[in-house]
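In order, the protein sequence lines correspond to chains A and B.
Every number in our numbering is 420 more than the matching position in the first sequence, counting from 1.
Every number in our numbering is 420 more than the matching position in the second sequence, counting from 1.
All residues carry an ideal CB built from backbone N, CA and C; glycine is no exception.
Model, not experiment: these values are computed from the prediction.
Protein chains: 2
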Amino acid sequence: MESDIATPVKGRPREFCVDKALAEALHVFWAKGYDGASMADLTEAMGITKPSLYAAFGNKEALFHKTLDLYETEKLEYTRAALDQPTARKVAEYYLHGALMTHAGTTDPKGCMGILSSLACSPEAESIKADVLGRRASSQRALVERFERAKAEGDLPAHVDAQGLTSLLYALLQGISVQAGAGATMDELERLVDTSLALWPSR
Amino acid sequence: MESDIATPVKGRPREFCVDKALAEALHVFWAKGYDGASMADLTEAMGITKPSLYAAFGNKEALFHKTLDLYETEKLEYTRAALDQPTARKVAEYYLHGALMTHAGTTDPKGCMGILSSLACSPEAESIKADVLGRRASSQRALVERFERAKAEGDLPAHVDAQGLTSLLYALLQGISVQAGAGATMDELERLVDTSLALWPSR
DNA sequence: ATATATTTGTAACGGTCGGTATAAAACGCC
DNA sequence: GGCGTTTTATACCGACCGTTACAAATATAT
Chain A
421 MESDIATPVK GRPREFCVDK ALAEALHVFW AKGYDGASMA DLTEAMGITK
471 PSLYAAFGNK EALFHKTLDL YETEKLEYTR AALDQPTARK VAEYYLHGAL
521 MTHAGTTDPK GCMGILSSLA CSPEAESIKA DVLGRRASSQ RALVERFERA
571 KAEGDLPAHV DAQGLTSLLY ALLQGISVQA GAGATMDELE RLVDTSLALW
621 PSR
Chain B
421 MESDIATPVK GRPREFCVDK ALAEALHVFW AKGYDGASMA DLTEAMGITK
471 PSLYAAFGNK EALFHKTLDL YETEKLEYTR AALDQPTARK VAEYYLHGAL
521 MTHAGTTDPK GCMGILSSLA CSPEAESIKA DVLGRRASSQ RALVERFERA
571 KAEGDLPAHV DAQGLTSLLY ALLQGISVQA GAGATMDELE RLVDTSLALW
621 PSR
């Protein structure tokens, strides 16, 4: 993930780090959503002017897609790591605790950037919605397959609907994000997770 | 709920029905959220001009609070009716099926107006967020008490955390709304509900 | 008829939106 | 030092935002 290790071409060198600026932009989109984040919000947080932003990232929409890449790679890593857990229950545990840390932690904005930006959708931001929904669908497909495998391996009862269980787990993640964004305390959300896991189908 | 049964005062009578206009405004806010709904969107759907809207409803914010009243009394009736069900399981069933009809049905916009308007929050719309969150908290409190009663009546195991179970059920509602707004099919959401009820703590 | 009160449509207000034209500044290269 | 190239900062663009002044229109009351 290196960049700017040396000035490759001639011309005036840029005075800011693209990756740092992108990380700042991510925080703004995460906290305010695509529509809610203004160019003024972005440039102020990124510490650059608007022409610099446009030269480096294209426009607001292109910048959003790049921050969404960063968000998925860095902050949603837990959704991929969860799939490697040995049992369906441990997959769910990893998912739920990962959501707790990522969407209700103290370092980053509360809530889920995907939900925020896919819901508040101005007509012109259809491409943003499509991007978020596409990534979510692919992530959900992987979880369905993981639960199917769990049924074949016997650590999930055969009568369980893998598709339904996936939608259920994602609904819990979305609920956690919504409630975290609404100001729920960490204690409340931990009890939500504990109660969910207490109901999880046992092998 | 009567209104405009007779012209009470002098002056030119208004040429539109306040209740009809409010119902149209509700649909706009429901579909687009508070920030996403522009005055042009509202006046077009309501069939009135901007000065008429301001004279009848105050301003955009006051109009929103009035539509939120209408939303809660008409569309969220199921959350109150659910509490009258005889057992905790039937409460949950009523809640989940109500959410399915209300937030994923075909007559009204998909999703939940409260979630949409509380998440996408411009800085000046803090009053909107506070209104939505206050109503949600009071509704959640009633559900906690209902589950406490269920534990006392014996149709919910004593080891269950009523607060956690309430957060869990609300998370499911929020997940259903998010997924409905994202274009999930009715079949998918029904399987989500069925899977959730299959895991529900049995007496 | 006149006066008063309210709603109507038009047209505009200042402010913010995303996006850009322009020219000065800072570099490598010759 | 000049030249080409890229980034910088300022200042501005047209479009839309929520909101309102204003005057014509329509009602009741005198």
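Nearest-angstrom Cα distance between residue i and residue j?
{"i": "A:LEU490", "j": "B:SER622", "result": "43 angstroms"}
{"i": "A:VAL552", "j": "A:THR493", "result": "13 angstroms"}
{"i": "B:ARG555", "j": "A:ALA557", "result": "32 angstroms"}
{"i": "B:LYS549", "j": "B:LEU442", "result": "20 angstroms"}
{"i": "A:GLY534", "j": "A:ARG500", "result": "16 angstroms"}
{"i": "A:LYS440", "j": "A:MET466", "result": "8 angstroms"}
{"i": "A:LEU619", "j": "A:ALA540", "result": "32 angstroms"}
{"i": "B:ILE596", "j": "B:LYS495", "result": "15 angstroms"}
{"i": "A:LYS636", "j": "B:GLU546", "result": "Nothing in the structure corresponds to residue 636 of chain A, since chain A is present only between 421 and 623."}
{"i": "B:ARG566", "j": "A:GLY603", "result": "23 angstroms"}
{"i": "A:SER559", "j": "B:ILE468", "result": "45 angstroms"}
{"i": "B:PHE484", "j": "B:CYS532", "result": "14 angstroms"}
{"i": "A:VAL429", "j": "A:PHE477", "result": "18 angstroms"}
{"i": "B:ALA445", "j": "A:VAL438", "result": "43 angstroms"}
{"i": "A:PRO471", "j": "B:PRO471", "result": "39 angstroms"}
{"i": "B:MET606", "j": "B:LEU516", "result": "13 angstroms"}
{"i": "B:ALA600", "j": "B:ASP461", "result": "23 angstroms"}
{"i": "B:GLU464", "j": "B:THR527", "result": "20 angstroms"}
{"i": "B:GLY431", "j": "B:TYR498", "result": "41 angstroms"}
{"i": "A:GLU544", "j": "B:ARG561", "result": "39 angstroms"}
{"i": "B:LEU593", "j": "B:HIS447", "result": "20 angstroms"}
{"i": "A:ASP504", "j": "A:ALA512", "result": "11 angstroms"}
Strictly below 9 angstroms CB to CB, what residues from chain A border residue i?
{"i": "B:SER538", "result": "VAL598, GLY601, ALA602"}
Tell me whether the beta-carbon of residue i lies closer than 7 angstroms to the beta-carbon of residue j.
{"i": "A:LEU520", "j": "A:VAL598", "result": "no"}
{"i": "B:GLU568", "j": "B:ALA582", "result": "yes"}
{"i": "A:ALA451", "j": "A:PRO506", "result": "no"}
{"i": "B:TYR514", "j": "B:ALA524", "result": "no"}
{"i": "B:SER542", "j": "A:GLY456", "result": "yes"}
{"i": "A:LEU576", "j": "B:SER616", "result": "no"}
{"i": "B:ALA572", "j": "B:ALA508", "result": "no"}
{"i": "A:SER537", "j": "A:TYR590", "result": "no"}
{"i": "A:THR487", "j": "A:PHE436", "result": "no"}
{"i": "B:THR586", "j": "B:LEU563", "result": "yes"}
{"i": "A:ARG611", "j": "B:GLY584", "result": "yes"}
List, in order along the chain, the chain B residues whose C-beta lies closer than 8 angstroms to that of residue i?
{"i": "A:TYR590", "result": "GLY595, GLN599"}
{"i": "A:ILE535", "result": "LEU539, VAL598"}
{"i": "A:LEU488", "result": "Under the 8 angstroms cutoff, chain B gives no residues; its nearest Cβ is about 15 angstroms from A:LEU488."}
{"i": "A:LEU520", "result": "By Cβ distance, chain B contributes nothing, its closest Cβ being about 12 angstroms from A:LEU520, past 8 angstroms."}
{"i": "A:LEU553", "result": "ALA602, GLY603"}
Along chain B, which residues have their Cβ under 9 angstroms away from the Cβ of residue i?
{"i": "A:GLY584", "result": "GLU608, GLU610, ARG611, LEU612, VAL613, ASP614, THR615, SER616, ALA618"}
{"i": "A:SER547", "result": "Going along chain B, no residue has its Cβ under 9 angstroms from A:SER547, so there is no contact; the nearest lies around 15 angstroms."}
Name the chain A residues that come within less than 8 angstroms of residue i, Cβ to Cβ?
{"i": "B:ASP581", "result": "ARG611, ASP614, THR615"}
In chain B, what lies closer than 7 angstroms to residue i by C-beta?
{"i": "A:LEU496", "result": "By Cβ distance, chain B contributes nothing, its closest Cβ being about 16 angstroms from A:LEU496, past 7 angstroms."}
{"i": "A:SER559", "result": "Those do not exist, as A:SER559 stays about 13 angstroms from chain B at its closest Cβ, beyond 7 angstroms."}
Quick one: list the residues of chain A neighbouring residue i, beta-carbon separation under 7 angstroms, in chain order.
{"i": "B:SER542", "result": "GLY456"}
I'd like to confirm something about residue i: is its beta-carbon nearer than 6 angstroms to some heavy atom of the ligand FMN, or not?
{"i": "B:HIS447", "result": "Of ligands this structure carries none, so the ligand FMN is not represented either."}
**Asked** Going along the stretch 448–461 of chain B in order, which residues come within less than 7 angstroms of chain A, judged by CB to CB distance?
**Response** GLY453, ASP455, GLY456
**Positions along the stretch 604–623 of chain A whose CB lies within less than 9 angstroms of some CB in chain B** = ALA604, GLU608, LEU609, GLU610, ARG611, LEU612, VAL613, ASP614, THR615, SER616, ALA618, LEU619, TRP620, PRO621
**Message:** Short of 8 angstroms Cβ to Cβ, which residues in the stretch 426–443 of chain B face chain A?
**Reply:** none
**Request:** With 7 angstroms as the limit, tell me which residues of the stretch 505–517 of chain B have their beta carbon closer than that to any beta carbon of chain A; keep them in chain order.
**Result:** none
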